[in-house]
Structure formats: structure tokens, C-alpha cells
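Sequential numbering of the sequence shown, starting at 8, is according to my numbering. Positions of the beta carbon are idealized from the N, C-alpha and C atoms, including for glycine. Predicted model only: the values in this text are computed from it and were never measured. Let me begin by presenting the structure, written as C-alpha cells, before commenting on it.
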Amino acid sequence: MFVQRTMRQALKANTLLSGVSPSLHSARIVAHRCYSAAATPAPLDASKLQINASKNQKPLQDNSQLVFGKTFSDNMLIIEWDKEKGWGTPQIKEYGKLQLDPSAVVFHYAFECFEGMKAYKDKEGRTRLFRPDMNMKRFSRSAGRIALP
Numbered sequence: 008m009f010v011q012r013t014m015r016q017a018l019k020a021n022t023l024l025s026g027v028s029p030s031l032h033s034a035r036i037v038a039h040r041c042y043s044a045a046a047t048p049a050p051l052d053a054s055k056l057q058i059n060a061s062k063n064q065k066p067l068q069d070n071s072q073l074v075f076g077k078t079f080s081d082n083m084l085i086i087e088w089d090k091e092k093g094w095g096t097p098q099i100k101e102y103g104k105l106q107l108d109p110s111a112v113v114f115h116y117a118f119e120c121f122e123g124m125k126a127y128k129d130k131e132g133r134t135r136l137f138r139p140d141m142n143m144k145r146f147s148r149s150a151g152r153i154a155l156p
């Protein structure tokens, strides 16, 4: 009953998907409200853990000296996951950089603000900017709209 009342109200008020036929409104609301799917997690087997710890272990620090975001372990746990194969072999290895594809979704689902100022060289080789003051005002206004500092 809740879903039907919601559909009627949305269709009557025309608040969702303006310009789309009522049947598409209904399908969208029903799919959103009534149906969901949960993937079964791929099994993770801790018994396969491989340990390749750092050879240069730092001395342990006192708990009072540990600072979040500044004090790191010598090692890290890495477990790769693949859509077809599921979880890979868990590995403890020396702390290091992670490899991420530049098109990874994690980079594209965040607040962003584009600054589009361009610099050009004139005939004498000097760098020229086109109205940088106005560009920075637009940039600042855009950042403020999405609560970026």
C-alpha cells in the first residue's frame, strides 16, 4: 500500500522523471522500492595467507606516541578480488604504494570542482592569462556550492 500511494503521489505531482510516461514512472518507483539484490560474497580463505614481511622492521612505539594518519605499520594486508574468481590469496607484505587504475570508480564519486583557466604564450614568449580574477571568482563560487573549502 505504501508503494502504491507513493506512486500515485509522485505521478500526480509529476515530481519524478518529468516528460516520461506514467508506466516508466511506475516501473522506476517499484524497482527502487520493492526489489533489491544482494550478491553472495566470494569466499575468503584466511588459511591461504602468505607472509612476506618487511626485512627492515621499525622498533615498536609506545601507544602514546601513535598518531592516526602519521604512524604506519611496516606491513600491509593485500587481498585482490576479481569478479569471476572472487577473492585471491591474502598476503601480508611490506608497506608500499597501491596500484589503482586512473578510471577507478573511487576517483569519480566524490565532490569535484574543475578549474578551467588556461595560460598562453604571446609573441614575445610571455605567459598570458585570460581574466584570471573572474575565473577564480567562478571557481570559488562553484567550490562554495558543494561545500569545498
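Residue i, DSSP secondary structure in three states
i	result
residue 124	coil
residue 153	coil
residue 133	coil
residue 139	helix
CA-to-CA distance, residue j to residue i, given in whole angstroms
i	j	result
residue 128	residue 134	5 Å
residue 138	residue 130	19 Å
residue 72	residue 78	9 Å
residue 74	residue 121	33 Å
residue 54	residue 114	33 Å
residue 89	residue 154	35 Å
Residue of the options minimising C-alpha distance to residue i
i	options	result
residue 96	102, 51, 119 and 103	51
Exposure of residue i, with buried meaning 16 or more beta-carbon neighbours within 10 Å
i	result
residue 39	For residue 39, the predicted model reports a pLDDT of 43, less than 50, meaning its position is unreliable and no value from the coordinates is stated.
residue 147	exposed
8 Å Cβ cutoff, residue i in contact with chain C
i	result
residue 85	Among the protein chains of the structure shown there is no chain C, as only one such chain exists.
One or two residues paired with residue i in a DSSP bridge
i	result
residue 100	59 and 83
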